[in-house]
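**Q** Going down the list, the protein sequences come from chains A and B.
Quick note: the first sequence uses my numbering, first residue 1, plus one each step.
Quick note: the second sequence uses my numbering, first residue 1001, plus one each step.
Don't be surprised by glycine CBs; every beta carbon is placed ideally from N, CA and C.
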Amino acid sequence: MQKTESPEESRRKLDKIVSDLTRSILLKDELTRFWFFILIMFAGVGLWGWILQIKNGLGVTGMGDYISWGLYIANFVFFVAISLVGLLISSVLQLLKISWAKPVSRAAEQIAIAAVALAGIIIVMDMGRPDRLLNIFLHGRYASPIVWDLTVVSTYLAISLLLFYIPLIPDLALLHERMGPELPTWKRKLYKVLALGWKGNDLQFKTVYHALRVLMILIIPVGLSIHTVTSWLFAATLRPGWDSTIFGPYFVVGAFVAGTGALIILMYVYRLRYGLKEYYTDMHFDRMGKLLVLVCLVYLYFNINEFFVPVYKMKLAEGVHLKTLFSGGYAFMFWFAQIVGLVLPILLIQLKFFRRPLPLSLISVVILLSAWFKRYLIVIPTMEHPFLPVQNVPESFHHYKPTSTEMLIMLFSFFAALLIISILAKLFPVITIWEVAEEQGIDKEYLTEKSNTQ
Amino acid sequence: MNRLKNIIGTAVLMMLALPVLGQDWIVPDEQAALANPSEYTLDNVKLGKAIYTKNCKSCHGDPGKNNPLALVPVPVDMASEKMQTNSEGSLFYKITNGKGVMPPFESSISENDRWLLVSFIQNYSPGREQVLLDLPPIKAKLLASVNEAQGLVDIMAEYEDANEVYVPLLNAPVIISSKKAFGNLKIGETVTNDQGRAIYTIPENTMGDEHGYLSVVVSLSEEYEAAEVILDKALVGTAKEVPELIRKGVLWSTNNNVSLWVLISYILSTGGAWMVIIYVIVQIVKIKKYSRSS
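Structure below.
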């Protein structure tokens, strides 16, 4: 932490930080409008798919008697995975006092909120009778992994929202004080209400630090359980490919890989779009790249474990399942996910060049894509290989192929997630202003001042 | 604009026509030329009917009654012209291989039985004499009682003769089944004697509920229209061991059966997490309160 001497210097610095970090809120160009138009349009088209499904029933999907989990569940696991980045960046790294992770943590929380909210929505979309959702709470059985899953998803969402909101409070007061007519009145009013009359006194800061610390500790067990319980939906069965004792940690580490990838992409977009080169510096990408290699290596270790042991034994049903993954119909997806999505990034990101913002972001896109493949491979091939052979049913029951309705609903989930992130970025600064100011040695007393340049 | 409409309209029509186009079911010539090795006799048609009732009727319905299951494409009626234009070999080929929604029966119905099915379908061929006639069912009555001590079911059957008088039904098959959650499970069959009476001994190993109770259902074959007799809670079966978890007879175990350790872990962890969340919300309230202090 640097020390800044003169009040003028402090005020000047703070003005610059505020003007940089409020760019996401103030930008009102064609591109912003176009982006929101695209998001809303595609999310709307996707939603229309859901309306079709509600009208005609789940028969419009490619799911059937044998393969009853398809694209939706794969997507659900993918989104839960992505959301874990909130736990990793804004809790684990903060508790370890890793200071470069601070400016990144709000973006991580944005991803966490959007992803976990969509995970919950996708589950509802997979229901034949979504109107009966409440029954899970009213008549749910405590022995059912589905009930646990719903519980952890909603708990994690609550914690993520709080973890997003609490560090925002001082910023909201600051924005309310400093921003003039360039903001619409409703936004200023919103800031005023949400700022809870923040005065920036020691008691308030102490409470914020305390609440944040409590949340950061709480989110670790809850975050770990959200993805462990998701893995139990599979691992609590006896089916080949799912009957595994390491599924919990295997999912959690895979989630860190996918989430870190998603965060790097988002950081790159923010840096480019809102001119945040001084906040998301090359150093940040370098560190994120190193973090990505670390989680990828752990994930590789789990992958080797997860496949080497059953491949060595080749139990009857397990063998059939593994053969389709290794050399059957899923071979391309499988080897893409393992080699292009895991081994190659580990090798490449170790070179300094690939830890630069653009190459790292491109690698992250590939990692994210193969993370999605991986979720698809976890859900569907196992469903196609039940212990009792599928027989005397129409050919179409043997394999799963997503229908256009499922694609539409998937489209919705992706665009809705992006929409949530975009709205959060449009409403609130993408980097915590007061934490950056604190980092640059600006005294807290200047935060609550009205701007002297306006 | 009109042109666009036309294009869209044509496209929609073509899409609607696709399933119809898909119905062309081509059978290789050498398969279509195969002849039915089983003789076209009443016995074979009857055997074929039994196989049909078990494997085909649920979708194709009763021959000539046009009551198939509402599937796409609609399962074809056995007595329809469309069905009957098929050669013996074609019918056999289609039953064997299936197509689309029609499943293949190659592995579940033996070759001999598939040919018997062909014989049954031929019973409705316009070019052949119908050997198995679908007569309207005869009105009949059933009386039955159970002798728990000896494990016997005593049956009396009568039918309405030409003069609309009920007389004993002789030499008619009687079906004994056990009433289960999703229908009747056949236990055995007997035949009425020359006084219209039959006595059926329930096999010793017949499984009842956990106390050995069984709901015995007595019915006549399809040719007769008679209300079945249900002998509720007859103590004629062997007691079934019911595991504790499913004793209540529900499909999935309920919350009453949840293991204590699962319940405790769930409540403790969920409760714990939400207590902390509430604590943090209290902190937020405090932040608001502190804004009044200097």
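With 16 as the cutoff for other CB atoms within 10 Å, does A:GLU318 come out buried or exposed?
**A** Taking the first residue of the first sequence as 1, we reach residue 318 of chain A at position 318. So A:GLU318 counts as buried.
**Q** Compare the C-alpha of B:ILE1187 against each of B:VAL1218, B:GLU1225, B:LEU1042 and name the closest.
**A** The residue you call residue 1187 of chain B lines up with position 187 of the second sequence. Nearest option by C-alpha distance: B:VAL1218.
**Q** Against chain A, with Cβ distances strictly below 7 Å, would B:PRO1136 count as a contact?
**A** Here residue 1136 of chain B is taken as the residue at index 136 of the second sequence, counted from 1. It does not: the Cβ of B:PRO1136 has no partner Cβ on chain A nearer than 7 Å.
**Q** Can you check DSSP and say which residues form a bridge with B:ASN1036?
**A** The residue you call residue 1036 of chain B lines up with position 36 of the second sequence. Answer by DSSP bridge pairing: none, since B:ASN1036 is not bridged.
**Q** Say whether chain B places a C-beta atom closer than 7 Å to the C-beta of A:PRO394.
**A** Numbered from 1 along the first sequence, position 394 holds the residue referred to as residue 394 of chain A. So, interface residue.
**Q** At a CB-CB cut-off below 8 Å, which residues of chain A make contact with B:LYS1286?
**A** Within the second sequence, residue 1286 of chain B is the residue found at index 286, counting from 1. The contacting residues are THR207.
**Q** Could you check what DSSP says for A:THR448 in three-state terms: helix, strand or coil?
**A** Here residue 448 of chain A is taken as the residue at index 448 of the first sequence, counted from 1. Three-state DSSP puts A:THR448 in coil, outside helix and strand.
**Q** Compare the C-beta of B:SER1291 with all C-beta atoms of chain A and state if any pair is closer than 7 Å.
**A** For the purposes of this step, residue 1291 of chain B is taken as residue 291 along the second sequence, with counting starting at 1. So yes, B:SER1291 belongs to the interface.
**Q** Should A:MET407 be flagged as near chain B, meaning a C-beta pair shorter than 7 Å?
**A** For the purposes of this step, residue 407 of chain A is taken as residue 407 along the first sequence, with counting starting at 1. Answer no: the Cβ-Cβ gap between A:MET407 and chain B never drops below 7 Å.
**Q** Would you be able to state if there are at least three C-beta pairs under 8 Å between the region 192 to 207 of chain A and the region 26 to 42 of chain A?
**A** Taking 8 Å as the limit for Cβ pairs, the verdict is that the region 192 to 207 of chain A does not touch the region 26 to 42 of chain A.
**Q** For B:GLU1210, collect the residues of the same chain with a Cβ closer than 8 Å to its Cβ; drop the 5 residues on either side in sequence, then sort them by chain order.
**A** Taking the first residue of the second sequence as 1, we reach residue 1210 of chain B at position 210. Here the set comprises ALA1239, LYS1240, GLU1241, VAL1242, ARG1247.
**Q** Scan the region 1057 to 1074 of chain B for residues whose Cβ lies nearer than 7 Å to a Cβ of chain A and list them as they occur along the chain.
**A** Per Cβ criterion, the list is empty.
**Q** Tell me, please, whether the region 365 to 384 of chain A touches the region 1077 to 1088 of chain B by the rule of three or more beta-carbon pairs shorter than 8 Å.
**A** No, they do not touch.
**Q** Would DSSP call A:MET407 helix, strand or coil?
**A** Residue numbering aside, residue 407 of chain A sits at position 407 when the first sequence is read from its first letter. DSSP places A:MET407 in helix when its eight states are reduced to three.
**Q** Is it buried or exposed for A:VAL333, if we count other Cβ within 10 angstroms and need 16 for buried?
**A** For the purposes of this step, residue 333 of chain A is taken as residue 333 along the first sequence, with counting starting at 1. It is Met, not Val, that sits at residue 333 of chain A in the sequence shown. Result: buried.
**Q** So, helix, strand or coil for A:GLU109, using DSSP?
**A** In the first sequence, residue 109 of chain A corresponds to position 109, counting from 1. Here A:GLU109 sits in helix by DSSP.
**Q** Using 10 angstroms around the beta-carbon of A:ARG132, count the other beta-carbons present and answer buried if the total reaches 16, otherwise exposed.
**A** Locating residue 132 of chain A in the first sequence gives position 132, where the first residue counts as 1. So A:ARG132 ends up on the exposed side.
**Q** Examine chain A for any beta-carbon lying closer than 7 Å to the beta-carbon of B:ILE1277, and answer yes or no.
**A** By 1-based counting over the second sequence, the position of residue 1277 of chain B is 277. Interface residue, yes.
**Q** Taking Cβ-Cβ distances below 8 Å as the criterion, which residues of the region 1098 to 1111 of chain B are in contact with chain A?
**A** Cβ contacts with chain A come from GLY1098, GLY1100, VAL1101, MET1102, PRO1103, PRO1104, PHE1105, SER1107, SER1108.
**Q** Show which residues of chain A have a CB atom less than 9 Å away from the CB atom of B:THR1085.
**A** The residue you call residue 1085 of chain B lines up with position 85 of the second sequence. Within 9 Å Cβ-Cβ: nothing; B:THR1085 doesn't reach chain A, min ~24 Å.
**Q** Report all residues from its chain with a CB closer than 7 Å to the CB of A:SER364; omit the five preceding and five following residues, and keep chain order.
**A** Along the first sequence, read from residue 1 onward, the residue named residue 364 of chain A stands at position 364. Here the set comprises GLY261, ILE264, ILE265.
**Q** Cutting at 8 Å between CB atoms, please list the residues of its own chain near B:ILE1199, excluding the five before and the five after it.
**A** Here residue 1199 of chain B refers to the residue found at position 199 when the second sequence is read from its first residue. Once the five neighbours on either side are set aside, the close Cβ partners of B:ILE1199 are LEU1152, VAL1153, ASP1154, ILE1155, THR1190.
**Q** Under 7 Å, Cβ to Cβ, is there at least one residue of chain B near A:TYR477?
**A** Since the displayed chain A opens at 1 and closes at 454, residue 477 of chain A lies outside it and no answer follows.
**Q** Going along chain B, which residues have a C-beta under 8 Å from A:HIS210?
**A** Within the first sequence, numbered from 1, the residue matching residue 210 of chain A stands at position 210. Residues of chain B passing the Cβ test: GLN1283.
**Q** Rounded to the nearest angstrom, how far is the Cβ of A:LEU196 from that of B:LYS1288, given a contact under 8 Å?
**A** As a first step, residue 196 of chain A is located in the first sequence; it is residue number 196 there, counting from the start. As a first step, residue 1288 of chain B is located in the second sequence; it is residue number 288 there, counting from the start. Yes, A:LEU196 and B:LYS1288 are in contact; Cβ-Cβ is about 4 Å, under 8 Å.
**Q** Can you check whether the C-beta of B:VAL1027 is within less than 7 Å of a C-beta belonging to chain A?
**A** The residue you call residue 1027 of chain B lines up with position 27 of the second sequence. Chain A, which has no Cβ nearer than 7 Å to the Cβ of B:VAL1027, makes this no.
**Q** Report yes or no: is there a C-beta of chain B within less than 7 Å of the C-beta of A:GLY46?
**A** Along the first sequence, one-based indexing puts residue 46 of chain A at 46. So, not an interface residue.
**Q** Chain B partners of A:VAL193, CB-CB under 9 Å?
**A** The count along the first sequence starts at 1 and reaches residue 193 of chain A at position 193. In chain order: nothing, as chain B lies at least about 11 Å away.
**Q** Nearest by alpha-carbon distance to B:PRO1037: which of B:LEU1117, B:ILE1278, B:VAL1262, B:ALA1273 is it?
**A** Numbered from its first residue, the second sequence carries residue 1037 of chain B at position 37. Per the Cα distances, B:LEU1117.
**Q** Sort out for me which residues DSSP pairs B:ALA1234 with in a bridge.
**A** Within the second sequence, residue 1234 of chain B is the residue found at index 234, counting from 1. The partner list for B:ALA1234 (beta bridge, DSSP) reads B:LEU1214.
**Q** Can you find at least 3 beta carbon pairs, one from the region 372 to 391 of chain A and one from the region 228 to 239 of chain A, that sit closer than 8 Å?
**A** Because the criterion of three Cβ pairs below 8 Å is met, the region 372 to 391 of chain A and the region 228 to 239 of chain A touch.
**Q** I believe A:GLY62 touches A:GLY70 by the beta-carbon criterion, under 8 Å. Please report the beta-carbon distance rounded to the nearest angstrom.
**A** Numbered from its first residue, the first sequence carries residue 62 of chain A at position 62. Numbered from its first residue, the first sequence carries residue 70 of chain A at position 70. With a Cβ gap of about 6 Å, A:GLY62 and A:GLY70 count as contacting.
**Q** With 16 other CB atoms within 10 Å as the buried threshold, where does A:ARG129 fall?
**A** As a working mapping, residue 129 of chain A is identified with position 129 in the first sequence. Burial call: exposed.
**Q** If I follow the unbroken alpha helix (DSSP H) through A:THR207, where does it start and stop?
**A** As a first step, residue 207 of chain A must be located in the first sequence, where it is residue number 207. Unbroken alpha helix (DSSP H) run through A:THR207: 202 to 235.
**Q** Using only the alpha-carbon positions, how far apart do B:ILE1284 and A:LEU215 sit?
**A** Walking along the second sequence from the start, residue 1284 of chain B turns up at place 284. Walking along the first sequence from the start, residue 215 of chain A turns up at place 215. Cα-Cα distance, rounded: 12 Å.
**Q** Identify, in the order they occur along the chain, each residue of the same chain with its Cβ nearer than 7 Å to the Cβ of B:LYS1099, setting aside the five sequence neighbours on each side.
**A** By one-based count along the second sequence, residue 1099 of chain B stands at place 99. For B:LYS1099, where only same-chain residues beyond five positions count, the Cβ hits under 7 Å are TRP1025.
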